[in-house]
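All letters in the sequence shown, in the order written, are residues -18 to -1, 1 to 111 by mature numbering (1 follows the signal peptide of the UniProt record, and there is no 0).
Remarks on the structure that follows.
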Amino acid sequence: MKKLVMAAMILMGSSAMADSRIMTCVVPSETNAVTLAVDLADDQSADFVMVNLNERTKSAVFFSQMDKGTIAQQLQNGFLNLLALTEKSSQVDGVITNTGFLGLSLESDGTFGGFLAANGNIYPLSCTK
């Protein structure tokens, strides 16, 4: 876990890598005030994913690291699942804290639907690639 957090911190501080937006999401409501963007860093060694959650009065950044090609394979298979880590993520007595989960699956109309469970909330999501 510590290596993953350190890798993500290095990623956040690096301006040499370009990000590709792989998904844009909204929590369906009358105002569509809550949005989420999923970006994949252009890296040769691993898939670094940044998830940016924007609410009316606050925002949060989550990240994940997976083996190179994992994200492309998941999307090809019609889903995207990842742990949404934060800079405060840790493990205490076997319990992973300050961490969320992003789960999306392909809908029949070509969009993705699912949820982000984080910050003590569940955000239902409707997403496009």
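Backbone N, C-alpha and C define an ideal beta-carbon position, used for all residues, glycine too.
Source: prediction; values computed, not measured.
Item: Status (buried if at least 16 other CB within 10 Å, exposed otherwise) for R104; Value: For the sequence presented, residue 104 should be read as Ile rather than Arg. I104 should be labelled exposed.
Item: Distance, S72 Cα to G92 Cα; Value: 36 Å
Item: Cβ neighbours of N36 in the same chain (closer than 6 Å, five flanking residues each side left out); Value: T17
Item: Assigned exposure category for F94 - 16 Cβ within 10 Å defines buried; Value: buried
Item: L62 vs S46 beta-carbon contact at 7 Å; Value: no
Item: For S2, the nearest candidate out of A54, S41, A15 and L84 (CA to CA); Value: A54
Item: Residues of its chain near R38, where Cβ-Cβ distance is below 6 Å and the 5 sequence neighbours each way are ignored; Value: A15
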